[in-house]
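Chemist:
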Amino acid sequence: MSYTDDTQWISTFTLAVTSSSNKVFSNGRHQVEITVGVTPQEGEEVTEEQMASIQLVTLDDEGNYQGLSGDLQLGTERDERFDYHPDASASDITGLESTTQRRIFYVSSTRPEARQDTLYAVISKDDETRCVTHSSTFNASVTVESVAPTQVSADDFLFWGDAVPNPEPALAQASCEIYSLAFKDPARRIVASLPRGAGEGVAYYQNHLDISPWEDADEEASVPPRFQNFYHYAYTMGEPKAFVFQGTSLPLNQTPGVMNFVRLKTTSDRPEVEFHHDASRWALLDQYGNAHTIEMKQFNDGAGLDFALLEYM
Numbered sequence: 017m018s019y020t021d022d023t024q025w026i027s028t029f030t031l032a033v034t035s036s037s038n039k040v041f042s043n044g045r046h047q048v049e050i051t052v053g054v055t056p057q058e059g060e061e062v063t064e065e066q067m068a069s070i071q072l073v074t075l076d077d078e079g080n081y082q083g084l085s086g087d088l089q090l091g092t093e094r095d096e097r098f099d100y101h102p103d104a105s106a107s108d109i110t111g112l113e114s115t116t117q118r119r120i121f122y123v124s125s126t127r128p129e130a131r132q133d134t135l136y137a138v139i140s141k142d143d144e145t146r147c148v149t150h151s152s153t154f155n156a157s158v159t160v161e162s163v164a165p166t167q168v169s170a171d172d173f174l175f176w177g178d179a180v181p182n183p184e185p186a187l188a189q190a191s192c193e194i195y196s197l198a199f200k201d202p203a204r205r206i207v208a209s210l211p212r213g214a215g216e217g218v219a220y221y222q223n224h225l226d227i228s229p230w231e232d233a234d235e236e237a238s239v240p241p242r243f244q245n246f247y248h249y250a251y252t253m254g255e256p257k258a259f260v261f262q263g264t265s266l267p268l269n270q271t272p273g274v275m276n277f278v279r280l281k282t283t284s285d286r287p288e289v290e291f292h293h294d295a296s297r298w299a300l301l302d303q304y305g306n307a308h309t310i311e312m313k314q315f316n317d318g319a320g321l322d323f324a325l326l327e328y329m
């Protein structure tokens with residue numbers, strides 16, 4: 017297949033970064049938007065099939081055009097969960113304003129190091145002929161800059177628990193706390209939580225404590241045994257949902273950017289559960305697709321919840 021500047025068929029063939037920045041975090045989820053524009057000459061047309069043939073390419077070390085693969089991924093749908101890079105630069109829309117047909121692409125990166133890649137567009141006129149923007153006539157390209165994902169520490173998060181009043185007499189022997197996890201900085205937010213261990217709504221931690229009063233050997237009446245039972249749950253971020261216990265519903269996911277956990281405590285005259293602990297790990301995705309993995313912890317034999325940031329994951 018040959019490459020040609022077929023100016024009798026198309027008058028303009030160009031591309032531009034049309035997101036707010038050409039930078040992309042190298043996490044495989046963050047995106048840069050690139051728009052390709054084609055204008056046919058008067059009396060000519062660019063068919064849907066020809067528009068569908070448009071690709072973004074790079075030049076390899078031998079000067080050959082290569083489609084995006086490996087560390088650079090190409091898609092045609094935007095992931096609306098993620099914002100474009102905050103280091104905004106004016107999009108170069110020169111040459112796109114007058115184009116009559118456009119195709120939009122989204123580029124993601126997993127480059128292991130900071131790097132700039134120059135991209136061109138290719139369109140097939142027929143089985144034998146293709147036009148490329150890397151030519152003396154069309155002469156258009158874009159630069160995509162891959163940057164390292166941002167790192168955070170546990171100190172960048174807020175984690176707190178709120179006791180929930182018992183609305184029903186039937187819950188007199190039970191109590192709940194809803195814990196919340198969010199970024200301290202309001203400019204950051206968690207947009208998704210992906211399970212890396214025990215899933216949502218299943219008690220990943222269970223334990224019981226013997227809280228029976230000390231029994232005096234001189235007393236004739238025996239003291240009834242008492243136990244506290246603890247259950248810990250984690251919930252995926254997203255649509256509003258509820259934790260339901262004995263007919264009482266506690267709303268969760270009420271605040272965007274906040275992940276919820278539940279600690280349920282019951283009191284009984286015999287142990288309800290034996291000790292059980294599954295790892296509860298979650299990849300928290302920020303608004304740029306960077307993943308920050310946490311593992312849930314507990315203290316006081318399950319009476320309290322905490323978390324740790326796993327820097328190695």
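Here our numbering runs 16 ahead of the position in the sequence shown, where the first position is 1.
By construction, the Cβ of each residue, glycine as well, lies at the ideal position given by its N, Cα and C atoms.
1) Per the contact definition of three or more C-beta pairs closer than 8 Å, is the region 256-272 in contact with the region 299-319?
2) For the alpha helix (DSSP H) that contains residue 66, what are its first and last residues?
3) To which residues of the same chain is residue 329 closer than 6 Å at the C-beta, ignoring the five residues directly before and after it?
4) Using DSSP's beta-bridge definition, name the partner residues of residue 91.
5) With residue 176 as the anchor, note down where its beta strand (DSSP E) starts and where it stops.
6) Should the region 273-291 be called in touch with the region 132-143, which here means at least 3 C-beta pairs below 8 Å?
7) Are the region 151-164 and the region 35-53 touching by the rule of at least three beta carbon pairs closer than 8 Å?
8) In angstroms, rounded to a whole number, what distance separates the CA positions of residue 304 and residue 189?
9) How would you label residue 218, buried or exposed, when you count the other beta carbons within 10 angstroms and need 16 or more for buried?
10) Could you tell me the alpha carbon to alpha carbon distance between residue 222 and residue 319, rounded to whole angstroms?
11) Assign residue 24 to one of two classes, buried (16 or more other C-beta atoms within 10 Å of its C-beta) or exposed (fewer than that).
12) Determine the direct distance from the alpha carbon of residue 262 to that of residue 125, and round the result to whole angstroms.
13) Using 8 Å as the cut-off, can you tell me whether the region 247-255 makes contact with the region 198-215, which would need three or more C-beta pairs spanning the two stretches below that distance?
14) For residue 132, count neighbouring Cβ atoms within 10 angstroms of its own Cβ and tell me buried if that reaches 16, exposed if not.
15) Using beta-carbon positions only, say whether residue 94 and residue 167 come within less than 8 Å of one another.
16) Leaving out five residues before and five after residue 44 in sequence, what residues of the same chain have Cβ atoms less than 8 Å from its Cβ?
17) Going along the chain, which unbroken runs of the beta strand (DSSP E) with 3 or more residues stay wholly within the region 288-316?
Modeler: This is what the structure holds:
1) no
2) Counted from its first residue, the sequence shown places residue 66 at position 50. First-last of the alpha helix (DSSP H) with residue 66: 64-68.
3) Reading the sequence shown from its first residue, position 313 is the one you call residue 329. Because residue 329 carries a pLDDT of 43, less than 50, the predicted location of this residue cannot be relied on, and the following value inherits that uncertainty. Excluding sequence neighbours, residue 329 sits near 309.
4) What you label residue 91 is simply residue 75 of the sequence shown in a count that begins at 1. According to DSSP, residue 91 bridges with 122.
5) The residue labelled residue 176 in the question sits at position 160 within the sequence shown. First-last of the beta strand (DSSP E) with residue 176: 173-180.
6) no
7) yes
8) By one-based count along the sequence shown, residue 304 stands at place 288. By one-based count along the sequence shown, residue 189 stands at place 173. Roughly 44 Å separates the two Cα atoms.
9) Here residue 218 refers to the residue found at position 202 of the sequence shown. Exposed, since its Cβ has fewer than 16 Cβ neighbours within 10 Å.
10) Along the sequence shown, one-based indexing puts residue 222 at 206. Along the sequence shown, one-based indexing puts residue 319 at 303. Answer to the nearest angstrom: the Cα atoms are 10 Å apart.
11) By one-based count along the sequence shown, residue 24 stands at place 8. Its Cβ having fewer than 16 others within 10 Å, residue 24 is exposed.
12) As a first step, residue 125 must be located in the sequence shown, where it is residue number 109. As a first step, residue 262 must be located in the sequence shown, where it is residue number 246. When rounded, the distance between both Cα atoms is 48 Å.
13) yes
14) Along the sequence shown, one-based indexing puts residue 132 at 116. It is exposed - the Cβ of residue 132 has fewer than 16 other Cβ atoms within 10 Å.
15) As a first step, residue 94 is located in the sequence shown; it is residue number 78 there, counting from the start. As a first step, residue 167 is located in the sequence shown; it is residue number 151 there, counting from the start. Not a contact, by the Cβ cut-off of 8 Å.
16) What you label residue 44 is simply residue 28 of the sequence shown in a count that begins at 1. Closer than 8 Å at Cβ, skipping near neighbours: 89, 124, 125, 126 and 305.
17) 297-302 and 307-315
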